[in-house]
Amino acid sequence: MHINSVLVCGARSVCLSSLISLNEENVPVTEKMSREDAKRREFKPPFEIKRDILKWMTQYNEEKNDGRKERVNIVFIGHVDAGKSTIGGQLMYLTGMVDKRTLEKYEKEAKEKGRESWYLSWALDTNEEERDKGKTVEVGRAFFETEEKHFTILDAPGHKSFVPNMIAGATQADLSVLVISARKGEFETGFDRGGQTREHAMLVKTAGVRHLIILVNKMDDPTVEWDQSRYIEIQNKLTPYLKKLGFRSEDIIYIPCSGLTGAFLKERPSAEVCAWYAGCCFLEYIDKMMPKMSRDFNGPIRAIIADKYSDMGTVVIGKLESGVIAKGQNVLLMPNRTTVQVLQTFANDVETDQVYAGDNIKLKIKGVEDLDILAGFVVCSVDVPCRAGRVFDAEVALLELKSIICSGYSCVLHIHAAIEEVCVKKIICKIDKKTGEKVKAKYAKQDEKCIMRLESPVAFCLDTFANFPQMGRFTLRDEGKTIAIGKVVKIIE
């Protein structure tokens, strides 16, 4: 669906949906794939691989019937102090992942540090820096289960200094939860005055997250006291902006809540507390009403590495985006083209014989040292490796620039889990926002859409957006700000 829409950044307006479409279903029909891209898209494995995949898929279906729950990555985003970590901790308690005794221990420790109201967030904020400052720095990880699904919480930091960490979390997410503080003045600080609410929502959309749940938190605050008019005010301000980003009405749901008391997270409070909200609770919605995630089990292996460490061997951590990996299997590590053997496979920290598309994985591998692996490397099928390159053409929407962008402009590229310095080699053309007409140009400026050639000093893993969207969408950042979003249309070298 193409929506003529306007993205408001501070006092500026940007036609985002008409500038660039980053949804899988919106790949332009005019965009031509190379023969190599087409070959990958129509990948047909040889008989031996087909047989193994059939065996693995049979095992997977049997496990599903035996109770293997659907895996879903859920990222909590929003302005600093909106209550993301507190809600995450409360969900872990409500689903039995943290017991009452542990919670009482956190409460005591928090009180000793003068952070009594933050004790729930300590279930996710595990290091001393985060607990002392009350701010999430890294992307926190934790698990909880509902009746039908297994969720991995990715608690993204809300402070603008840690946006790169937030991007890393968003690229692994299937579902995004935007946490808004209803407390008087806090919503306005995050949304109207250059806070992180706008940028976070834009970045998760750019990362390919389709489903957005808005938790209007702190409804129990003395400045709100479950006032319906405050809830409606936030909806009326936020919804138009989200639609301009390209979120469809059916992919957005609002739920009022209190992270501190747990109201409307699992159970409804009494009518005396809140009688006007008749919708479902958060856990009920994500368990019963969310559509199933689309997974490509039969595709070539694509596991994007987010981290690595050494533990009696090399261990890589990431998300398996496509395919199936079995213990004992040989796989290819890109972009350095190293063949390695998988010694052990873990799905959500539980050792298994194989892992499937959609799983958060750990792989213990043999054949490479952990020092030779970087975030953004990709584990691939030996016979069907992913692309790697350093020069590529991209369709780019420029969002916020102090001046023009032209040949020689340098910035930082965030593409899946990889972060690379890139330089604009040339502006190929501008694209008229209304007609789609391409016009030769030497520079581009804010609010414009163009096709440019970008160059990195080193090769990294990427793909065209048409062939594999998870490795073909990116953001460009400069001086701590997101200046552009884009998609790879052609890999040159």
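Numbering (the UniProt record's numbering), first residue to last: 1 to 493. We put the beta carbon where it would ideally sit given N, CA and C, even for glycine.
Nearest to Ser-381 by alpha-carbon distance, out of Gln-344, Arg-302 and Ser-410, is Arg-302.
Using a Cβ-Cβ distance cut-off of 8 Å, the region 176-184 and the region 385-403 are not in contact, since fewer than three pairs of beta carbons, one from each stretch, lie closer than that value.
For a cut-off of 8 Å, the C-beta gap from Met-452 to Val-424 is around 6 Å, short enough to register as a contact. Counting only residues of its own chain and dropping the five nearest sequence neighbours on each side, Ala-170 has a CB closer than 6 Å to the CB of Val-75, Leu-203, Val-204 and Ala-207. For Lys-308, the pairing in a beta bridge is given by DSSP as Val-316. Less than 8 Å divides the Cβ of Cys-450 from the Cβ of Cys-429. Shown here for Asp-359: same chain residues with a beta carbon closer than 6 Å to its own, the five before and five after excluded, namely Arg-71, Leu-320 and Ala-347 in chain order. In terms of CA proximity to Ile-365, Ile-325 leads the group Ile-325, Phe-151, Pro-385 and Ser-249. DSSP places Phe-144 within a strand segment (E or B) once states are collapsed to three. Boundaries of the alpha helix (DSSP H) harbouring Phe-187: 186-191, taken from the DSSP string. In the three-state scheme derived from DSSP, where H, G and I count as helix and E and B as strand, Asn-336 is classed as coil. In this structure, DSSP gives Val-177 an extended state, which the three-state scheme calls strand. Relative to Met-97, the option among Asp-81, Ile-153, Phe-460 and Ile-77 whose CA is nearest is Ile-153. Apart from the 5 residues on each side of it in sequence, Asp-251 sits with its Cβ closer than 7 Å to the Cβ of Arg-210, His-211 and Leu-212 in its chain, given in chain order. For the pair Tyr-409 and Asp-372, the Cα-to-Cα distance works out to about 30 Å. In the three-state reduction of the DSSP assignment, Gln-341 falls in the strand class, which pools E and B. Burial is judged here by how many other beta carbons sit within 10 angstroms of a residue's own beta carbon; Thr-345 has at least 16 and is buried. Residue Ala-82 holds the alpha-carbon nearest to the alpha-carbon of Leu-215 among Glu-148, Leu-343 and Ala-82. Less than 8 Å divides the Cβ of Leu-399 from the Cβ of Ile-483. Residue pairing by DSSP places Glu-351 opposite Phe-346 in a beta bridge. Here Glu-321 carries a strand assignment [DSSP, helix/strand/coil].
Cβ-Cβ distances below 7 Å link Lys-442 to Cys-406 and Ile-427 in the same chain, with the five nearest sequence neighbours on each side left out; the list follows chain order. Where Ser-229 is concerned, there is no enclosing beta strand (DSSP E), although the alpha helix (DSSP H) around it starts and stops at 228-245.
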